[in-house]
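J.: Residue numbers (our numbering): 15 to 242. We put the CB at the ideal spot given by N, CA and C, even for glycine. Could you have a look at this structure, given as structure tokens, before my questions?
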């Protein structure tokens, strides 16, 4: 599809929002099946808390590597790999028979999801001009509200009718459809075209120590921590 077309940009917006929605569905599904797993695995409430926090710890530390990875392999590969990876990890949660492997797969969901925001941010920069980027960012993050709204009722219906394993099967399969759509639609701009189109936006590498000297950096980090 022509990257300059309006239809292409709308597809990208839907893909961006869709990835966030799927990510948050795959996050909240565990909140639905958690009480059931306490009975199935005879888990203690503490163990369930560890399972819930495993995602957050893996997600947080993986973000530090996700940005450089996206810059290295570019969004077409990083985005599809990330969504595919966390979707597979979600589906594999259904096959676990004990606490330890379930803990590993929940952590791997966090690793996969860490690639989403850096990939989406780069796609927005490549696809939309400055006057439309705020719309793209807003649409991107609106997807997580959609995921939270739909995830719990959908997972609850699946749990009641087909069992907890199918919660992971079905929610995990959503990302695989997204990957197929993404690979069919997304066309990365050639590096030379991107540079010619926006020469004034060329960026020099900045060290972490330099970033931490700016109050804005700390403000963004604290704001994001409060949001999460």
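If residue 103 sits next to residue 134, beta carbons under 8 Å apart, how far is it from one beta carbon to the other, in whole angstroms?
T.: Residue 103 sits at position 89 when you count from the first residue of the chain shown. Residue 134 sits at position 120 when you count from the first residue of the chain shown. Wrong, their Cβ atoms sit about 19 Å apart, outside the cutoff.
J.: In three-state terms, what does DSSP make of residue 58?
T.: In the chain shown, the residue the question calls residue 58 occupies position 44. Three-state DSSP puts residue 58 in coil, outside helix and strand.
J.: CA-CA distance, residue 230 and residue 37?
T.: Stepping through the chain shown from its first residue, residue 230 is reached at position 216. Stepping through the chain shown from its first residue, residue 37 is reached at position 23. Taking the straight line from one Cα to the other gives about 28 Å.
J.: Roughly how many whole angstroms lie between the Cα atoms of residue 155 and residue 221?
T.: Against the chain shown, residue 155 aligns to sequence position 141. Against the chain shown, residue 221 aligns to sequence position 207. Their Cα atoms are separated by approximately 27 Å.
J.: What is the rounded straight-line gap between the Cα of residue 98 and the Cα of residue 174?
T.: Counted from its first residue, the chain shown places residue 98 at position 84. Counted from its first residue, the chain shown places residue 174 at position 160. Their backbone Cα atoms lie some 27 Å apart in a straight line.
J.: What is the residue span of the alpha helix (DSSP H) that residue 167 lies within?
T.: Within the chain shown, the letter at position 153 stands for residue 167. Looking at the DSSP string, the run of the alpha helix (DSSP H) that includes residue 167 is 144-176.
J.: Kindly indicate the opening and closing residues of the alpha helix (DSSP H) around residue 134.
T.: For the purposes of this step, residue 134 is taken as the residue at position 120 of the chain shown. Here the alpha helix (DSSP H) through residue 134 covers 130-141.
J.: Determine, using beta-carbon pairs with one atom in the region 117-132 and one in the region 66-79, whether at least three such pairs fall under 8 Å.
T.: They touch, by the three-pair rule.
J.: Contact between the region 56-67 and the region 179-190: three or more CB pairs below 8 Å?
T.: Contact between the region 56-67 and the region 179-190 is absent, because fewer than three Cβ pairs lie under 8 Å.
J.: Where do the ends of the alpha helix (DSSP H) carrying residue 201 lie?
T.: On the chain shown, position 187 is the one that residue 201 refers to. Careful: residue 201 lies outside any alpha helix (DSSP H) and carries neither H nor E.
J.: Relative to the alpha-carbon of residue 24, which residue among 234, 51, 200, 111 has its alpha-carbon at the smallest distance?
T.: Mapped onto the chain shown, residue 24 falls at position 10. Looking at the Cα atoms, 200 is the closest of the given residues.
J.: Does the separation of the CB atoms of residue 118 and residue 30 fall below 9 Å?
T.: Within the chain shown, the letter at position 104 stands for residue 118. Within the chain shown, the letter at position 16 stands for residue 30. Not closer than 9 Å, so no.
J.: Taking the beta carbon of residue 224 as the centre, do at least 16 other beta carbons fall within 10 Å, making it buried, or is it exposed?
T.: If you number the chain shown from 1, residue 224 lands on position 210. So residue 224 ends up on the exposed side.
J.: Let me know the beta strand (DSSP E) ranges lying completely inside the region 33-98, each 3 residues or longer, listed in chain order.
T.: Within the region 33-98, no complete beta strand (DSSP E) run reaches 3 residues.
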